[in-house]
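Those sequence lines, one after another, are chains A and B.
Letter by letter, the first sequence follows residues -11 to 139 of this note's numbering.
Letter by letter, the second sequence follows residues -11 to 139 of this note's numbering.
The block underneath contains the structure these notes are about, expressed in structure tokens.
2 protein chains.
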Amino acid sequence: MTKSPSPPKEIVEEALDRFWETVPPLWSQIRGYIRSAAAKNFRLSIEQFQILRLIRSGRGSVSDLATAKNISRPAISQAVDALVKGGLLTRTQGIEDRRHVQLALTGRGDAVLDAIFEDTRSWMRTKMASFSRNELENVIRSMESLKKMVD
Amino acid sequence: MTKSPSPPKEIVEEALDRFWETVPPLWSQIRGYIRSAAAKNFRLSIEQFQILRLIRSGRGSVSDLATAKNISRPAISQAVDALVKGGLLTRTQGIEDRRHVQLALTGRGDAVLDAIFEDTRSWMRTKMASFSRNELENVIRSMESLKKMVD
DNA sequence: TATAATAGTTTCGCTGCTTAACTATAACGT
DNA sequence: ACGTTATAGTTAAGCAGCGAAACTATTATA
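Structure, rendered in structure tokens:
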């Protein structure tokens, strides 16, 4: 609309306000859904679900996951432990660097992740039912922007 | 751009993909920041911070907060307990309905919330430094859309 | 008035997180 | 080659957050 080459000022504040009034409650809602519905059916906590999701997206080590989730390595190590015991994940010692432990989903882990993910997505789809094409494209663009804030 | 009156299809999936690859890591990052920086300076956990924030935004009861955060009433009750002990919050029994407990920030609670909030916002501002006016306006609009998903 | 509904709290047990200390392996400087 | 330092991960202890169930107190309803 307007042609401002340098960073704005009050617009930033407005964006921050909107962010804070939207994202936390929305995320709470999603967490709540996963906890009550999906997690209950598949015996998986939200944190475990997140870890599976991150592993499938390419984070293959404890350190990677700790960085991505912004929590300590021991916390990840313990969570991974439970997932390995549950047969959803495997640990494999690295061959190049033997300190490294490669994490990978088992077939069952993959299937469970698919199931929860699809369940949650379909719930979100209904929540987005009223969105216009324009709104959706807007969301997509703004997600691409916000992604730059990570790391 | 395009003129579609009815709900789209693959655009929804695209929006969901972007959402999932952006929001969880971004939110993790923010939580991590609050935990390590702000919380450490002010001896306040993220959950306590959130509760103060919600109370100031108008949620004045345990039930309200439980709904907003999508967690159980006992969980809120316990968190409120700690905040009252810490002198950041007051409980006042309702006069109309004596079952109701009105929660309110103390002067100190207000000040602490301001401090953490401003600290976090200024950190986020630097993260948004590279955003163009257009991107920011986009974020604002999409937050308005996403807000409709809550509740 | 008896019964049901609502607001909040207490208790108990579980999970997730952190810090500190530890093992094992790799890289580096001398 | 060797001692130091750094890195990857784990274990252990303790605390915070959460839910389920059971409870108190108050208000609404039949």
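We treat Cβ as the ideally placed atom computed from N, Cα and C, and that holds for glycine.
Burial is judged here by how many other beta carbons sit within 10 angstroms of a residue's own beta carbon; E1 (chain A) has fewer than 16 and is exposed. Annotated three-state conformation of A56 (chain A) is helix, per DSSP. Note: L91 (chain B) is bridge-paired with B:R79 in the DSSP secondary-structure output.
In the structure shown, G46 (chain B) falls within a coil segment according to DSSP collapsed to helix, strand and coil. Taking a C-beta distance under 8 angstroms as the contact criterion, L76 (chain A) and L53 (chain A) do not qualify as a contact pair. Annotated as distal: S133 (chain B) and F7 (chain A), with beta-carbon spacing of 8 angstroms or more. Going by beta carbons, V89 (chain A) and S45 (chain A) fall outside the 8 angstroms limit. In the structure shown, M112 (chain B) adopts helical secondary structure according to DSSP, grouped into three states. The beta carbons of A103 (chain A) and F37 (chain A) sit no closer together than 8 angstroms. Comparing alpha carbon positions, the residue from B:I64, B:K(-3), B:L71 closest to V100 (chain B) is B:L71.
The three-state secondary structure of D5 (chain B), taken from DSSP, is helix. For W111 (chain B), there are no neighbours in chain A by C-beta distance under 9 angstroms, as the nearest C-beta there is about 10 angstroms away. Its chain contains G75, L76 as the residues whose beta carbon lies nearer than 8 angstroms to that of R96 (chain A), once the 5 sequence neighbours on both sides are disregarded; these appear in chain order. Contact note: F7 (chain A) reaches chain B through M112, V127, M131, using a C-beta cutoff of 8 angstroms and chain order.
Closer than 8 angstroms to the CB of A3 (chain A) there is at least one CB belonging to chain B. With its beta carbon at least 8 angstroms from every one in chain B, S65 (chain A) lies outside the interface. Shown here, G74 (chain A) sits in coil according to DSSP, grouped into three states, outside any helix or strand.
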